[in-house]
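> Have a look at this one.
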Amino acid sequence: MEIFQEQLKVRRFDGFLAASLLILASYSSTISANEKNQTLVLVGGALTTCSSMSAKNCQDKKQLSGKNANQYQLTRETLNQVKLNWPNDNAGHRNKTLQVLAKMARQHPSPYTKSDLLWAWRDLDNALLNQLTDAEYNFVIDSIEIPVIDAKQVRLKEVVNTTLNTETAANDILDFISATAKVSATKPSLLAITASSRDPYESADFYEGLLNFDGVASKWLALTPALAKAITSGQCAQLASIREKTMNVYNRDAIYPDRIKAELALCELGVENLVNVIGSATGVMLNGGDQSLTRKVLFDDAGKPYPWTEVLRSRPLLVGTSAGTAIQSGGENQYGQVAMITNGTSLSALRNGAFAQSAPSERCTTDCDKGLSCDSLTYQGEGGLGSFNFGILDTHFSERDRTARLATLLDATKQPHGFGVDETTALVVINSGSTKLMTVIGKNGVVYLHKPADKRTFEYSYWPVGTVINMTNNGYKVSERTITEALPAIKIPSLPMQRFTSIFTDAKLRSLTQAMCLTNDTQAAAQQDEFSVVLSGDANSHFYRVNSSKHGCLVDSLNIGISKIQ
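Encoded structure:
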């Protein structure tokens, strides 16, 4: 504890972050050796970071030296690879694709960026591009990708420099991760797992750079779906073919040879070594992308946990962003199995309900397989990792207007608690022995939904950055400290008497509830297409200004009812 407080004196943290770190340190210092001590840092996505591939996130839009884009080139060699190695027997798709690519090669013989490549393809034959299966599409894109190398023929890596971040809230979250690792171990180490990406090798550079903290040993762990299958079946020699079959990833040895070698080396060392590597790490970070892909490195095809899943789940520090947060929903609580959300919009959820099946392809634009649309609300009923079993997690929450989709899933699965994390924001869960609490760090806030089984409405709460939540057997309660340290109310005219339209677009629900909080209004009406939305407060509803930011007003237990207009 004393060492940790000295770190706080040396480094400059803002008030909320420093308070969160002191909370962490105080609880960590009181637990005994046989008690569980774990911190979850659940980021809602958009962890805006300066890198050589994202100069827009750097101060003065500085371009870092390093890889700045993937490159694709239509040469005789790459086209021949497409022709010879087509992934299925659909000769029609193969021949049409080769015709389009040959024409593009004549028009543009130099390398493409991916966006330019796809625009050129759409201009020539958009219908064909849409008709390709995911396996065919991924095969073509991977096959025509070329290595990005320097003058010495060495692979250029994506370079990250968080000191140049334009978004200070992202650095607040990263500082908290670093400090948590240091208070959790004398020689802290972090592993980055990028299995949420279809191409986890592409993401490795970024996450290694992101976790490059002073005093913390960080590295990428080559735990991919292919590795999981190969290492548990003794088929490391077939890793390349397993990669193509299970991940729809091709040609990676030519693009990321160092990552492919690391994956093979890890496989050959065996399962026991992998368990030990994960078990010796202070923390693990799970990346953004598709949580259904991450699940493939945690559970086998029969749904059985892999030998390393439990040791991963029990790390002292677990960090996730976007899909890496969503995957942590799971396990069981007093209400039953906690599901993992995988897809969907609020409007589709209201119209069609929730589907316990695989999410549609991200390339699907209208009608998808199994009677789904691209907007269908889907979920994995068995849940994900299970490190967070308090309810269902959702991400990119207010920004993508996901309140109604989460409320719909709570109703469908009979789970009463849902947690929606906004972008560039983290819900922190501190579990130190007999004490459990939550707090919010970063930029915006966390939405907490409570869906009582005996009510048609649900309760909406908004926890801004700086909020501390006590976790009890009876639910989640704003701490007395948060209430007593709240800022004075400000005088703002009441909201106009009107129906606010398109409430599930452009983060309007967050804007409306923040306005209600600041004006102390407890009634409002809204609408989204054919649905009426009524917001109302009661004796259990409260408003507090936790901070002075745009989204700094705490909303506690506002009732929301949604019904179809007759």
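Remember, the numbering used here sits 1 above the position in the sequence shown when you count from 1. The beta-carbon is built from N, C-alpha and C at its ideal position, and this holds for glycine as well.
(1) By a C-beta neighbour count over all protein chains shown, 10 Å radius and 16 as the cutoff for buried, is T468 buried or exposed?
(2) Considering Cα atoms alone, identify which of E460, P308, E264 is closest to N541.
(3) State the start and end residues of the unbroken beta strand (DSSP E) segment that holds M439.
(4) May I ask you to list the residues that DSSP assigns as paired with A193?
(5) DSSP on K415, reduced to helix/strand/coil?
(6) Could you check what DSSP says for S374 in three-state terms: helix, strand or coil?
(7) Using C-beta distances below 7 Å, list every residue in its chain close to I32, excluding the 5 sequence neighbours before and after it, in chain order.
(8) How far does the alpha helix (DSSP H) with R123 in it reach, from first residue to last?
(9) Which runs of the alpha helix (DSSP H) fall wholly inside the segment 44–85 and span at least 4 residues, in chain order?
(10) In the structure shown, what three-state DSSP assignment does N560 receive?
(11) Determine the DSSP secondary structure at K478, reduced to helix, strand or coil.
(12) Distance check for E137 and L99, CA to CA, integer angstroms please.
(13) How many angstroms separate the CA atom of C268 from the CA atom of P189?
(14) Report the residue from V149, W309, N89, T187 whose alpha carbon sits nearest the alpha carbon of K246.
(15) Does the Cβ of P317 have 16 or more other Cβ atoms within 10 Å, making it buried, or fewer, making it exposed?
(16) Considering L433, what are the terminal residues of the beta strand (DSSP E) in which it resides?
(17) Helix, strand or coil: which one does DSSP assign to G446?
(18) Am I right that A227 and R244 are in contact with their C-beta atoms under 8 Å? What's the rounded C-beta distance?
(19) Pick helix, strand or coil for R296, following the three-state DSSP scheme.
(20) Are G46 and T506 closer than 9 Å when you measure CB to CB?
(21) Would you list the residues sitting across from I393 in a DSSP beta bridge?
(22) According to the neighbour-count rule (16 or more other Cβ atoms, all chains shown, within 10 Å of its Cβ), is G382 buried or exposed?
(23) Taking Cβ positions, are T115 and N71 nearer each other than 9 Å?
(24) By the three-class DSSP mapping on this structure, what secondary structure does R199 have?
(25) What three-state label does DSSP hand L536 in the structure shown?
(26) If you drop the 5 nearest sequence neighbours on each side, which residues of the same chain put their C-beta closer than 7 Å to that of P201?
(27) Report yes or no: do three or more beta-carbon pairs, one from the segment 41–55 and one from the segment 319–327, lie closer than 8 Å?
(28) Whole angstroms are fine: how far does the CA of H451 sit from the CA of N340?
(29) Find the nearest neighbour of Q74 within the set T409, P148, V184, M472, judged by alpha-carbon distance.
(30) Going by DSSP, what residues sit across from E333 in a beta bridge?
(31) Just the Cα atoms here: how many angstroms apart are T49 and N474?
(32) On the CB-based measure, 16 or more other CB atoms within 10 Å of its CB, does E159 come out buried or exposed?
(33) In whole angstroms, what is the alpha-carbon distance linking R77 and V83?
(34) In the DSSP assignment, what are the bridge partners of F501?
(35) Taking G538 as the reference, which of N548, G210, Q524 has the closest Cα?
(36) Counting pairs of beta carbons, one from the segment 404–413 and one from the segment 334–348, are three or more of them closer than 8 Å?
Reading from the atomic positions:
(1) Only buried fits T468, as 16 or more other CB atoms lie within 10 angstroms of its CB.
(2) Among E460, P308, E264, the Cα nearest to that of N541 belongs to E460.
(3) For M439, the uninterrupted beta strand (DSSP E) segment begins and ends at 436–443.
(4) BP columns for A193 point to W221, M286.
(5) In this structure, DSSP gives K415 a state outside helix and strand, which the three-state scheme calls coil.
(6) S374: strand per DSSP, three-state reduction.
(7) Here I32 scores only 45 on pLDDT, less than 50, and its place in the model should not be relied on; the value that follows carries that caveat. For I32, where only same-chain residues beyond five positions count, the Cβ hits under 7 Å are N38, S433, G434.
(8) Element bounds for R123: 115–132.
(9) Listed in chain order, the complete alpha helix (DSSP H) runs (minimum 4 residues) inside the segment 44–85 are 77–85.
(10) Correct three-state label for N560: strand.
(11) Of the three classes helix, strand and coil, the one that applies to K478 here is strand, per DSSP.
(12) Whole-angstrom Cα-Cα distance: 12 Å.
(13) The alpha-carbon atoms of C268 and P189 are separated by roughly 24 Å.
(14) The option with the nearest alpha carbon to K246 is N89.
(15) That one is buried.
(16) Sequence inspection shows Ser at residue 433; the Leu mentioned does not correspond to that position. That run of the beta strand (DSSP E) goes 426–433.
(17) Assignment of G446 by DSSP, reduced to helix, strand and coil, places it in the strand class.
(18) Indeed, because the Cβ distance is near 4 Å, the residues count as touching under 8 Å.
(19) Of the three classes helix, strand and coil, the one that applies to R296 here is helix, per DSSP.
(20) Contact flag unset, no.
(21) Note: I393 is bridge-paired with G419 in the DSSP secondary-structure output.
(22) G382 comes out exposed.
(23) For the record, residue 115 in the displayed sequence is Lys; it is not Thr. The answer is yes: Cβ separation under 9 Å.
(24) Coil at R199, not helix or strand.
(25) Reduced to three states, the DSSP call for L536 is strand.
(26) So the list reads T195, T225, once near-sequence residues are dropped.
(27) By the Cβ rule, the segment 41–55 counts as touching the segment 319–327, because three or more pairs are nearer than 8 Å.
(28) In the sequence as presented, Asn is not what sits at residue 340; that position holds Ala. About 16 Å.
(29) When only C-alpha atoms are compared, the closest one is P148.
(30) DSSP output for E333 lists Q338 as bridge partner(s).
(31) Rounded to the nearest whole angstrom, the CA to CA distance from T49 to N474 is 36 Å.
(32) Result: buried.
(33) Rounded to the nearest whole angstrom, the CA to CA distance from R77 to V83 is 10 Å.
(34) Paired residues: A527.
(35) Nearest C-alpha to G538: Q524.
(36) Proximity of the segment 404–413 to the segment 334–348 meets the contact definition, three or more beta-carbon pairs being nearer than 8 Å.
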